[in-house]
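Numbering (our numbering), first residue to last: 86 to 189.
Encoded as structure tokens, the structure appears first; notes follow it.
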Amino acid sequence: MKRRIQGLRETTQTSSDGVPDGVFLVRVDRAQYRWHPAKPFYTLRLSVLEPHELAGRVISGRVYCTAKALWKLGWFLRDFLYDPDLLGREEVDEKALAGLRGVV
């Protein structure tokens, strides 16, 4: 079955304000937990630090907290050098996430 979704074409076009594909050093500006009955997640706001020509640009995304997706959350926390004590206690502190740096 085919469905027509109005406005879908605009999502595939690259804009001059967007961040191009690549590898970036970023800093977590904000992380916020969002509860959903089936798929709880964290929304992330990341600021690009390097490359310098893209510094200041923002990347937004989600990291899901479902049992199936915990490996991604764990990867994110370890890669961004999240506090190992909090990680050992299975705690995620939104304030502790702010300021972390990593590569995406």
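Backbone N, C-alpha and C define an ideal beta-carbon position, used for all residues, glycine too.
Given the structure is predicted, the values throughout are model-derived calculations rather than measurements.
With distances taken from CA atoms, which of A152, Y127, R115 and S132 is nearest I144?
S132
Have a look at G173 and G159 and give me their C-alpha separation to the nearest angstrom.
11 Å
Where does R142 sit, in a helix, a strand or coil, going by DSSP?
coil
Quick check on the burial criterion: 16 or more other C-beta atoms within 10 angstroms. Buried or exposed for A116?
buried
Please report the straight-line C-alpha distance between Y149 and P136, rounded to a whole angstrom.
27 Å
Rounded separation between A183 and G92 - CA only:
34 Å
Beta-carbon separation of V113 and R186 under 9 Å?
yes
The alpha helix (DSSP H) with F109 in it runs from where to where?
From DSSP, F109 is part of no alpha helix (DSSP H); its letter is neither H nor E.
Unbroken alpha helix (DSSP H) runs of length 4 or more, entirely within the segment 125-176: which are they?
155-164 and 169-173
Tell me which residues share the same chain as F165 and place their Cβ nearer than 6 Å to its Cβ, disregarding the 5 neighbours each side in the sequence.
L185 and G187
Give the range of the alpha helix (DSSP H) segment to which L185 is assigned.
Neither: L185 is in no alpha helix (DSSP H) and is coded neither H nor E.
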